[in-house]
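Participant: Here UniProt numbering is used: the first residue of the sequence shown is 1, the next is one more, and so on. In this text, a Cβ means the ideal position worked out from N, Cα and C, and glycines have one as well.
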Amino acid sequence: MRLTTILYFSAIVFLQVCSYKILVYSNLMGHSHVKMLGSVADVLTESGNNVTILMPIIDTNERGKYGTKKTKQFIFVEPDESVANFGEQMKEFQKNMWKDDNTNPMKMIEKAGEMASVFGGQCKKVLQSTELLNQIKNEKYDLAIAEPFDLCAYAFFEAVNIRAHVAVLASSRYDHASAALGQPMASSYVPGVMSGFSEKMTMKERLLNTLQAAGGGYFFSYIGDYEFDLARKTVNISRSWRDVLPEASFVFTNQISILDFPAPTFDKIIPIGGISVNTKRGEMKLPEKWDKILNIRKKNVFISFGSNAKSMHMPDDYKQSILNVFASMPDVTFIWKYENEKDTLADHLKNVYLGEWLPQNELLADPRLNVFVTHGGLASTWELSLLGKPCVMIPLFADQNRNAAMLHRHGGVEILEKELLDDSEMIGKTIKKVLNDPIYKKNAEALAEKLNNLPTNPREVLIKHVNFAAKFGKLPSLDNYGRHLSIVEYYLIDIFAIICAVLLVVLYISYRIFRFVLEKFLFRINLSKKKND
């Protein structure tokens with residue numbers, strides 16, 4: 001009893017010593033972004049920290065989907081009038097993403113102004129709330145966390161004079177953040193966020209990759225500059241997000257280095273990819289309904305296009321094409337995440353089961369599931385990779401093309417372009433290829449074994465680095481000085497110019513000497529000839 005009491009009080013003391021007050025700034029906009037920050041908040045809450053999430057609401061469709069299970073302290077900022085209709089715009093975007101070309105950099109540039117007004121309107125409302133600003137100041141948080149997806153967070157940190165902050169990326173990198181941090185883009189061999197190329201690119205692909213990176217960087221930079229222009233008129237701040245973001249003590253990326261494309265980096269950038277994935281199969285229990293369904297046939301295929309791309313919004317020709325595939329493979333059970341279970345479109349097929357919500361992690365962990373057909377969102381990519389499941393990837397928008405290309409090089413994936421979703425023969429051929437060729441399963445399981453035996457644990461890495469930042473604050477010694485250099489200095493253009501100038505002078509002097517010697521030599525020869533004559 002005495003030993004138990006000692007251990008209990010020791011644990012309390014330990015938590016008090018290691019507990020920090022942490023503020024997470026997370027816009028309710030973009031499920032993958034909210035989920036990533038929610039996962040980070042939960043890990044930090046479980047480790048004993050006092051975590052509060054400040055959540056400005058932009059997309060009202062996402063109410064209740066806060067990406068957390070453990071963290072309970074929230075501060076909500078209701079939508080500004082200027083973003084009241086954004087939820088309807090998102091619904092329209094979700095319907096159109098099935099056929100829209102979302103990789104065209106010009107389309108992103110065209111949308112920059114529209115998105116800036118949405119983000120800017122909500123940013124202005126947050127900063128105009130004197131009560132909120134005073135509340136956050138009085139709380140005296142040890143550390144703040146934000147994602148540079150919405151750069152208003154950095155205006156807010158300036159306004160409340162936050163002690164220190166770290167950045168969390170829901171992707172492996174953001175082009176605008178890389179530019180601000182001084183992280184080399186390396187577009188010649190590192191695919192950009194919106195790129196679907198591998199590291200081996202043709203000249204045309206390198207050009208497109210560079211344009212996509214520039215377009216994506218411009219898109220977010222424009223929004224950030226717009227927000228900061230509004231912020232300067234609302235609160236007393238002078239610096240830009242380009243000054244505040246690089247002061248992050250650490251930058252956590254949703255990346256697993258051994259899986260991703262090798263890219264230039266530096267010590268401040270810490271990968272924590274897969275932090276939200278549960279790989280402990282013994283702790284996972286599949287609901288009885290789906291457990292029984294997996295037992296009906298020997299082969300099972302799971303289809304899900306994530307939270308944004310709803311199957312119910314899929315064009316009718318795409319739906320019919322997929323139904324034709326199901327009908328052509330009666331010996332295979334298909335489990336389809338379809339947001340309207342009452343829809344009768346698959347009632348005539350005994351091997352098809354619809355579900356508005358499906359236990360994705362548990363299904364992927366089950367050995368009876370053979371193939372996963374997915375859009376390739378990063379959360380799904382980590383789950384299928386860590387759980388060793390072969391898949392067919394059909395990228396729809398954002399970073400999904402890059403995720404598909406990233407995973408394809410490891411041999412457990414086939415990629416199908418979304419434009420081919422009206423071709424039932426091609427869809428069926430691709431699924432059968434991954435389903436029947438054992439090499440895909442072998443490669444997927446080999447990759448999973450590597451990932452599950454990495455020498456670092458993303459949760460431990462996050463906790464230790466966050467606690468370190470909370471204790472010591474900003475870490476200017478980790479600041480990459482390269483971001484302060486001009487283009488001339490960064491690329492050593494002045495050095496090369498001097499070297500070229502010196503070489504030219506040396507060549508010119510050498511030429512003059514050679515010419516002088518040659519003229520003297522020729523003069524002597526001519527003189528000798530004249531004497532002989």
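Comparing alpha-carbon positions, which option in F228, M90, L475 lies nearest L151?
Facilitator: As a working note, residue 151 is residue 151 in the sequence shown. Comparing Cα-Cα distances from L151 to each of F228, M90, L475, the minimum goes to F228.
Participant: Distance check for L503 and F496, CA to CA, integer angstroms please.
Facilitator: Position 496 of the sequence shown, counted from the start, is the residue given in the question as residue 496. Position 503 of the sequence shown, counted from the start, is the residue given in the question as residue 503. Answer to the nearest angstrom: the Cα atoms are 10 angstroms apart.
Participant: Please name the residue, chosen from L421, E414, A444, that lies closest to P367 on a Cα-to-Cα basis.
Facilitator: Taking the first residue of the sequence shown as position 1, residue 367 is located at position 367. Out of L421, E414, A444, A444 has the C-alpha closest to the C-alpha of P367.
Participant: Can you grab the Cα-Cα spacing for the pair S198 / D399, in whole Å?
Facilitator: In the sequence shown, counting from the first residue as 1, residue 198 sits at position 198. In the sequence shown, counting from the first residue as 1, residue 399 sits at position 399. So the two alpha carbons sit approximately 13 angstroms from each other.
Participant: If we ignore side chains and look at the alpha-carbon of each, how far apart do F397 and H313 end up?
Facilitator: To locate residue 397, count along the sequence shown from 1; it is residue 397. To locate residue 313, count along the sequence shown from 1; it is residue 313. Taking the straight line joining both Cα atoms gives about 15 angstroms.
Participant: Within 10 Å of its beta-carbon, does I509 have 16 or more other beta-carbons around it, so buried, or fewer, so exposed?
Facilitator: Taking the sequence shown and counting its residues from 1, one reaches residue 509 at position 509. Exposed, by the Cβ-count rule.
Participant: Pick from V160, M194, L181: whose alpha carbon is nearest that of I237?
Facilitator: Sequence index remark: in the sequence shown, residue 237 carries index 237 (1-based). Residue V160 is the option with its Cα nearest to I237.
Participant: Would a C-beta distance cut-off of 9 angstroms place W382 and G355 closer than the cut-off?
Facilitator: On the sequence shown, residue 382 is found 382 positions in, with the first residue counted as 1. On the sequence shown, residue 355 is found 355 positions in, with the first residue counted as 1. Not a contact, by the Cβ cut-off of 9 angstroms.
Participant: In the DSSP assignment, find the unbroken beta strand (DSSP E) run with P271 in it and report its ends.
Facilitator: The residue you call residue 271 lines up with position 271 of the sequence shown. Counting along the chain, the beta strand (DSSP E) containing P271 begins and ends at 269-271.
Participant: Classify G282 as buried or exposed, calling it buried when 16 or more other Cβ atoms lie within 10 Å of its own Cβ.
Facilitator: Taking the sequence shown and counting its residues from 1, one reaches residue 282 at position 282. Burial call: exposed.
Participant: For N61, I'd like the list of residues in its chain whose CB is within less than 8 angstroms of its CB, leaving aside the five on either flank, ordered along the chain.
Facilitator: Numbered from its first residue, the sequence shown carries residue 61 at position 61. The answer, listed in chain order, is G87, M90, K91.
Participant: From the DSSP output, in three-state form, read off S304 for me.
Facilitator: In the sequence shown, residue 304 corresponds to position 304, counting from 1. S304 falls in the strand class under three-state DSSP.
Participant: CA-CA distance, D423 and N340?
Facilitator: For the purposes of this step, residue 423 is taken as the residue at position 423 of the sequence shown. For the purposes of this step, residue 340 is taken as the residue at position 340 of the sequence shown. The alpha-carbon atoms of D423 and N340 are separated by roughly 24 angstroms.
Participant: Measure how close the beta-carbons of M36 and A170 come, nearest whole angstrom, since I'm counting them as under 8 angstroms.
Facilitator: Walking along the sequence shown from the start, residue 36 turns up at place 36. Walking along the sequence shown from the start, residue 170 turns up at place 170. Right, their Cβ atoms sit about 4 angstroms apart.
Participant: Might you give, ordered along the chain, the residues of its own chain that have their beta carbon closer than 8 angstroms to the beta carbon of K450, omitting 5 neighbours on each side?
Facilitator: Indexing the sequence shown from 1 puts residue 450 at position 450. Excluding positions up to five away in sequence, the list reads I258.
Participant: From what residue to what residue does the alpha helix (DSSP H) around H408 run?
Facilitator: Locating residue 408 in the sequence shown gives position 408, counting from the first residue. Looking at the DSSP string, the run of the alpha helix (DSSP H) that includes H408 is 400-408.
Participant: Mapping DSSP to helix, strand and coil, what is L475?
Facilitator: Taking the sequence shown and counting its residues from 1, one reaches residue 475 at position 475. Here L475 sits in coil by DSSP.
Participant: Compare the C-alpha of G395 against each of I145, M194, S32, G482 and name the closest.
Facilitator: Stepping through the sequence shown from its first residue, residue 395 is reached at position 395. Before going on, a small fix: residue 395 reads as Pro here, not Gly. Comparing Cα-Cα distances from P395 to each of I145, M194, S32, G482, the minimum goes to M194.
Participant: Looking only at its own chain, which residues have a Cβ that is under 8 angstroms from the Cβ of F514, when we skip the five neighbours before and after it?
Facilitator: Your numbering for residue 514 matches position 514 in the sequence shown. Once the five neighbours on either side are set aside, F514 has no close Cβ partner at all.
Participant: Just to confirm the assignment: which complete alpha helix (DSSP H) runs, minimum length 4, are found wholly within the region 129-160?
Facilitator: 130-139, 152-159
Participant: Please report the Cβ distance between N370 and N300, rounded to the nearest whole angstrom; I am assuming they are in contact, meaning their Cβ atoms lie under 8 angstroms.
Facilitator: Against the sequence shown, residue 370 aligns to sequence position 370. Against the sequence shown, residue 300 aligns to sequence position 300. Yes, N370 and N300 are in contact; Cβ-Cβ is about 6 angstroms, under 8 angstroms.
Participant: Compute the Euclidean distance between the alpha carbons of P315 and I322, then round it to the nearest angstrom.
Facilitator: Working through the sequence shown from its first residue, we reach residue 315 at position 315. Working through the sequence shown from its first residue, we reach residue 322 at position 322. P315 and I322: Cα-Cα distance of roughly 11 angstroms.
Participant: Out of S486, K69, K389, state which residue places its alpha-carbon closest to the alpha-carbon of I439.
Facilitator: By 1-based counting over the sequence shown, the position of residue 439 is 439. Checking every option, the nearest Cα to that of I439 belongs to K389.
Participant: Let me know the secondary structure DSSP gives A309 once reduced to three states.
Facilitator: Indexing the sequence shown from 1 puts residue 309 at position 309. Residue state, collapsed to three classes: coil.
Participant: Rounding to the nearest angstrom, what Cα-Cα distance links S172 and I256 in this structure?
Facilitator: Counting from 1 along the sequence shown, the entry for residue 172 is found at position 172. Counting from 1 along the sequence shown, the entry for residue 256 is found at position 256. Cα to Cα, the separation comes out at about 8 angstroms.
Participant: What separation, rounded to the nearest whole angstrom, lies between the Cα atoms of V17 and G473?
Facilitator: As a position in the sequence shown, residue 17 is number 17, starting the count at 1. As a position in the sequence shown, residue 473 is number 473, starting the count at 1. Note on V17: pLDDT 49, under 50, position unreliable in the model; no value is reported.
Participant: Have a look at the DSSP bridge pairing and note the partners of G355.
Facilitator: Your numbering for residue 355 matches position 355 in the sequence shown. K337.
Participant: Between the region 286-294 and the region 206-222, do three or more beta carbon pairs fall short of 8 angstroms?
Facilitator: no
Participant: So G306 and S385 are in contact, right, with Cβ under 8 angstroms, and what is the actual spacing, rounded?
Facilitator: On the sequence shown, position 306 is the one that residue 306 refers to. On the sequence shown, position 385 is the one that residue 385 refers to. Incorrect: roughly 16 angstroms between the Cβ atoms, too far for contact.
Participant: With distances taken Cα to Cα, identify the nearest neighbour of T279 among G412, N324, M97, N452.
Facilitator: Along the sequence shown, one-based indexing puts residue 279 at 279. Of G412, N324, M97, N452, the residue nearest in Cα terms is N452.
Participant: Could you pull out every residue in the same chain whose Cβ sits closer than 7 angstroms to the Cβ of P287, ignoring the five residues on either side in sequence?
Facilitator: The residue you call residue 287 lines up with position 287 of the sequence shown. Within the same chain, P287 has close Cβ partners P359.
Participant: Taking the alpha carbon of I145 as the reference point, which residue from Y25, D260, D243 has its own alpha carbon closest?
Facilitator: For the purposes of this step, residue 145 is taken as residue 145 along the sequence shown, with counting starting at 1. Taking only the C-alpha atoms, the option nearest I145 is Y25.
Participant: Do S82 and Q128 have their C-beta atoms within less than 9 angstroms of each other?
Facilitator: Looking up residue 82 in the sequence shown gives position 82. Looking up residue 128 in the sequence shown gives position 128. No. Outside cutoff.
Participant: If I measure Cβ to Cβ from G376 and keep anything under 6 angstroms in the same chain, skipping five residues before and after, which residues do I get?
Facilitator: One-based indexing of the sequence shown puts residue 376 at position 376. Cβ neighbours of G376 beyond the five flanking positions: M393, P395, Q400, N403, A404.
Participant: Would you list the one or two residues that DSSP bridges to F372?
Facilitator: The residue you call residue 372 lines up with position 372 of the sequence shown. The beta-bridge partner set that DSSP reports for F372 consists of F302, C391.
Participant: Per DSSP, what kind of secondary structure is K107 in: helix, strand or coil?
Facilitator: Position 107 of the sequence shown, counting from 1, holds the residue named residue 107. If DSSP states are grouped into helix, strand and coil, K107 belongs with the helices.
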